[in-house]
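According to my numbering, the sequence shown is numbered sequentially starting from 5. Remarks on the structure that follows.
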Amino acid sequence: MGFYSLIFTFATIAFTPTALDAKGLETSAPGTMPAATAAADNGNEKIETRVLDLKDFHGLNINSVGEIYYTRGNEYRVEASGTAKAFRQTGILVKDGLLTIKQNENKGQGFDGNIKMEPLTLRIVSPSLDVLINAGYITFHTSEISSADFKLGNSGDLIFDMQAFVCRSIDITNSGNLQMKCSISADNYEQGNSGNSNIKADYNIKNSFKYTNSGSTEISGTLTASYVEINNSGSFAPAMTINADTLKSVTSGETKADIYYKGGKADIVCSGNGDFNMKVDCQDLSTFASGNLKVKIAGTADNVKLDGSGRSNVDMTQLNKF
């Protein structure tokens, strides 16, 4: 069948925060609150806005608290709004091509959750953005990220509020808390999660989609790709429509899936606990269980193979009902 192939694989990408230099703003820090809810200690404290002389950056390195509004443009502009205390607590610098927003009291060495931070709101314009590293509490807003290759590394709390991702390749690593809602177009997509991820997305992937999970993931939407691989050793709950030549799902953790799969070949391998509710329109469907696997299958499949040494409960009463 002329469909794309789809495989979910969870992969981990290492990001190393880089040091920063350049003209910027230095301010100092005390604890954390989520970016969406943090407020000034004194509600009457005046909010001021400063335009910072910062340029020549292609990515963000965040170790602070606040909201970021990003726009792609021909020039550089960094505008920050907050209280005087927020400015004292926060340093904003550029070095090695990254705009860094850091805790002054922690000397920029990662993020210290024991320091109570007041948030800053930043409005950032740059010609390109291909790296985002977050260890703080941030809500990130943009209409679109468009670049050749994009890498996202999150070890903090990140709400990714975005309409569209349009890139050649996308690599995401999450060990913190990540919320993401968007449409995604790429040649290749790879995501590794060892934290908590909540994703609502429509994926249009030319080649491969790989998702590797050892944490907790809830993911919903549509996925079109040539190859899809999912490797789960944690807790994984997909509710997706998948169109692919190949779909491979490997579970050694716990998977509770609601999937409509249309394509060529689907392989379900379970050595953990799997509960799959599947509607299919495919050529080949196979399951192999060495753990506990429950599968309910409806729709049409030309060839079905069931195998394994574990416990399987397969309901095919609604399969190939013509």
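Beta carbons: idealized from backbone N, C-alpha and C, even for Gly.
Non-local beta-carbon contacts of A90 in its own chain, meaning distances under 6 Å to residues more than five positions away in sequence, involve E122, L124 in chain order.
Around the beta-carbon of G257, 16 or more other beta-carbon atoms lie within 10 Å, marking it buried.
For a cut-off of 8 Å, the C-beta gap from G199 to S224 is around 18 Å, too long to register as a contact.
Assigned with DSSP and collapsed to three states, K89 falls in helix.
A Cβ-Cβ separation of about 14 Å leaves S68 out of contact with I128 under the 8 Å criterion. According to the DSSP assignment, H145 belongs to the beta strand (DSSP E) that extends over 141 to 158. Within the same chain, V170 come within 6 Å of S150 by CB-CB distance, once the 5 residues on both sides are set aside. Secondary structure of K266 (DSSP, three-state): strand. Between the C-alpha atoms of E194 and K50 there is a straight-line separation of about 44 Å.
Taking 9 Å as the cut-off, the Cβ atoms of D249 and Y231 count as close.
When DSSP states are grouped into helix, strand and coil, E83 belongs to the strand group.
Residue state for A190 is assigned as strand, using DSSP reduced to three classes. Within the region 47 to 79, no run of alpha helix (DSSP H) reaches 4 residues while sitting entirely inside it. The beta carbon of E83 sits closer than 6 Å to the beta carbons of V55, R127 from its chain, once the five residues preceding and following it are set aside; these are given in chain order. The Cβ neighbour count for S253, taken over all protein chains shown within 10 Å, is at least 16; the residue is labelled buried. In this structure, the alpha-carbon of T321 lies about 13 Å from that of A305.
Between the alpha carbons of I72 and V98 lies a gap of roughly 16 Å. Closest option to M282, judged by alpha-carbon separation, among D288, D57, I301: I301. For F213, the enclosing beta strand (DSSP E) stretches over residues 200 to 217.
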